[in-house]
Amino acid sequence: MMCRELSPVLVAFVVAARAGSAMTAEIGTMKVTEQIDALRALATSPVDFLVAPRYIACIVMVPILVFMGDVIGVLGGYLMAVTTPYLNAADYFAYIPGGLEMTTIVGGVAKGVFFGMIIALVSCHQGLNCGMASEAVGKATTRAVVYCIMLVYAADLLLAPILFQV
6 MMCRELSPVL VAFVVAARAG SAMTAEIGTM KVTEQIDALR ALATSPVDFL
56 VAPRYIACIV MVPILVFMGD VIGVLGGYLM AVTTPYLNAA DYFAYIPGGL
106 EMTTIVGGVA KGVFFGMIIA LVSCHQGLNC GMASEAVGKA TTRAVVYCIM
156 LVYAADLLLA PILFQV
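Quick note: the sequence shown uses our numbering, first residue 6, plus one each step.
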């Protein structure tokens, strides 16, 4: 459950709140200060120059963060298990192979790829399409985080039956 649902979704929420909001604010500020127009005047595509690197970074890093979340979750479970008198360390690690399948880990990491795509695309879209006033940047940033969270939930609902045959 943790590797399949909890870790991918929580990591996506944290990345959307931290990195997604930063992407939106940075690109939105560039639009307000007309730096996007300057890129176009220099015959440079804003999508190629601003969006593509962020997109690649998200689809690479979110799955890595999901895997790190899985490892930390298993170690956290270990710390909780050994503090109880009912389970020792050897028993905990003996139960892991039976309760944790490779398809569960791979499916959770695969969700991270999709969630990274969503976060990058929504955040960059909101930044590129915010208004020209400085207050529009704040509204676009809030909108980006809310849309990312809603779309991550929707994608999770769609991906779970596909990846795990639930």
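Yeah, the Cβ is synthetic: ideal placement off N, Cα and C, and Gly gets one too.
Item	Value
Taking V19 as the reference, give the member of T34, T88 and G117 with the closest Cα.	G117
Would you identify the three-state DSSP class for P58, choosing helix, strand or coil?	helix
Short check: CB of G74 to CB of V16, under 7 Å?	yes
Excluding the five sequence neighbours on either side, which residues of its own chain have a C-beta within less than 7 Å of the C-beta of T29, listed in chain order?	S128, Q131, G132, A145, T146 and A149
Expressed to the nearest angstrom, what Euclidean distance is found between the alpha-carbon atoms of T49 and D96?	59 Å
So T157 packs on I123, CB below 8 Å; how close in whole Å?	In the sequence under discussion, the amino acid at residue 157 is Val, which differs from the Thr named in the question. Yes, they are in contact, since the Cβ atoms of V157 and I123 sit about 6 Å apart, within 8 Å.
I'd like to know if the region 34-53 and the region 84-92 are in contact, where contact means that at least 3 CB-CB pairs between them fall below 8 Å.	no
Could you please give the first and the last residue of the uninterrupted alpha helix (DSSP H) stretch that includes L168?	S139 to F169
Considering Y91, what are the terminal residues of the alpha helix (DSSP H) in which it resides?	From DSSP, Y91 is part of no alpha helix (DSSP H); its letter is neither H nor E.
For a test of the three-state rule: what should DSSP assign to G136, helix, strand or coil?	coil
Got a sec, what are the start and stop residues for the alpha helix (DSSP H) R9 sits in?	Counting along the chain, R9 falls outside any alpha helix (DSSP H), and DSSP gives it neither H nor E.
When the distance is taken between beta carbons, is F72 closer than 7 Å to V114?	yes
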